[in-house]
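Asker: A single structure is presented below for examination.
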Amino acid sequence: IFGTIPALKEAEAFIQVLKQHPGVKAILSFSAQNNETICHGEKLSDVAQRCWELAADQILAIGINCQHPRFSVPLLRSIREANPDIPLFVKSNTTEIFNTATKEWEEADSERSLQDYCRDWLEMGVKYIGGCCRTTVDDISSFREEIRKFKLKTG
Numbered sequence: 001i002f003g004t005i006p007a008l009k010e011a012e013a014f015i016q017v018l019k020q021h022p023g024v025k026a027i028l029s030f031s032a033q034n035n036e037t038i039c040h041g042e043k044l045s046d047v048a049q050r051c052w053e054l055a056a057d058q059i060l061a062i063g064i065n066c067q068h069p070r071f072s073v074p075l076l077r078s079i080r081e082a083n084p085d086i087p088l089f090v091k092s093n094t095t096e097i098f099n100t101a102t103k104e105w106e107e108a109d110s111e112r113s114l115q116d117y118c119r120d121w122l123e124m125g126v127k128y129i130g131g132c133c134r135t136t137v138d139d140i141s142s143f144r145e146e147i148r149k150f151k152l153k154t155g
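By UniProt numbering, the letter at position 75 of the sequence shown is numbered 75, and the numbering carries on one by one without gaps.
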């Protein structure tokens, strides 16, 4: 996994290295600044499409990591709408918010749980799901349970 990628230029550098090893496959995971763009300001859907054009044969999935899950659904949907062939990946933080003033994590003012977001990801066709900042073994176990229920429901 090439993770927390902030810019297309960095992703292109990873792809150059990947191309030097044709038998190797990778996941490209970006960090977002909002529900549309990655940290460098580029639209994730455009970046994902460009990466896919450069190395579809070596990319297992493209997605996002290390962000609040509320950004995940619109970001992943933007990739899906731009190119439904790109497999999706998400490794989300918990629903807590980091307070930069106090330097502490605070409970989110949200009615949605991480498991609610997991259901959204599954319905969108996300292929790889994991946890990032502040996720626990219990969170990962709940993802597993959501995946089990989803498979039962969808066959």
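Each residue gets a CB set at the ideal place from its N, CA and C atoms; glycine is no exception.
What you are looking at is a predicted structure, and each value in this text was computed from that prediction instead of being measured.
#1: Under the rule that 16 or more other beta-carbon atoms within 10 Å means buried, what is Ala55, buried or exposed?
#2: Starting from the N-terminal side, write out each stretch of the alpha helix (DSSP H) that is 4 residues or longer and does not extend beyond the UniProt domain "Hcy-binding" (1-147).
#3: Check whether the Cβ atoms of Ser110 and Thr94 sit closer than 8 Å, and answer yes or no.
#4: Assuming Leu8 and Arg50 are in contact, meaning their beta carbons sit under 8 Å apart, how far apart are those beta carbons, in whole angstroms?
#5: Counting beta carbon pairs with one atom in the region 84-103 and one in the region 17-24, are three or more of them shorter than 8 Å?
#6: Taking its Cβ as the centre, do 16 or more other Cβ atoms sit within 10 Å of Ala32, making it buried, or is it exposed?
#7: So Phe89 packs on Tyr128, CB below 8 Å; how close in whole Å?
#8: Please report the distance separating the alpha-carbon of Ile5 from that of Arg148.
#9: What's the C-alpha gap between Leu44 and Asn35?
#10: Within the same chain, show all residues whose beta-carbon is closer than 6 Å to that of Gly131, passing over the 5 residues directly before and after it, in chain order.
#11: Whose C-beta lies closer than 8 Å to the C-beta of Asp57 among residues of the same chain, with five residues either side of it excluded?
#12: Quick check: the Cα distance between Gly41 and Phe98, rounded to an integer number of angstroms?
Answerer: Taking the structure as given:
#1: As a first step, residue 55 must be located in the sequence shown, where it is residue number 55. Classification for Ala55: buried.
#2: Within the UniProt domain "Hcy-binding" (1-147), the complete alpha helix (DSSP H) runs of at least 4 residues are 8-19, 44-55, 69-82 and 114-124.
#3: Taking the sequence shown and counting its residues from 1, one reaches residue 110 at position 110. Taking the sequence shown and counting its residues from 1, one reaches residue 94 at position 94. Note that the C-beta distance between Ser110 and Thr94 is not below 8 Å.
#4: By one-based count along the sequence shown, residue 8 stands at place 8. By one-based count along the sequence shown, residue 50 stands at place 50. Contact flag correct, Cβ pair sits at about 6 Å.
#5: no
#6: Residue mapping note: residue 32 aligns to position 32 of the sequence shown, counting from 1. It is buried - the Cβ of Ala32 has at least 16 other Cβ atoms within 10 Å.
#7: Walking along the sequence shown from the start, residue 89 turns up at place 89. Walking along the sequence shown from the start, residue 128 turns up at place 128. Right, their Cβ atoms sit about 4 Å apart.
#8: The residue labelled residue 5 in the question sits at position 5 within the sequence shown. The residue labelled residue 148 in the question sits at position 148 within the sequence shown. Rounded to whole angstroms, the gap between the alpha carbons of Ile5 and Arg148 is 30 Å.
#9: The sequence position of residue 44 within the sequence shown is 44, counting from 1. The sequence position of residue 35 within the sequence shown is 35, counting from 1. Looking at the two C-alpha atoms, the distance is approximately 9 Å.
#10: Position 131 of the sequence shown, counting from 1, holds the residue named residue 131. Hits under 6 Å: Asp139 and Ile140.
#11: Taking the sequence shown and counting its residues from 1, the one referred to as residue 57 is at position 57. Cβ neighbours of Asp57 beyond the five flanking positions: none.
#12: Looking up residue 41 in the sequence shown gives position 41. Looking up residue 98 in the sequence shown gives position 98. Approximately 21 Å, taken between the alpha carbons.
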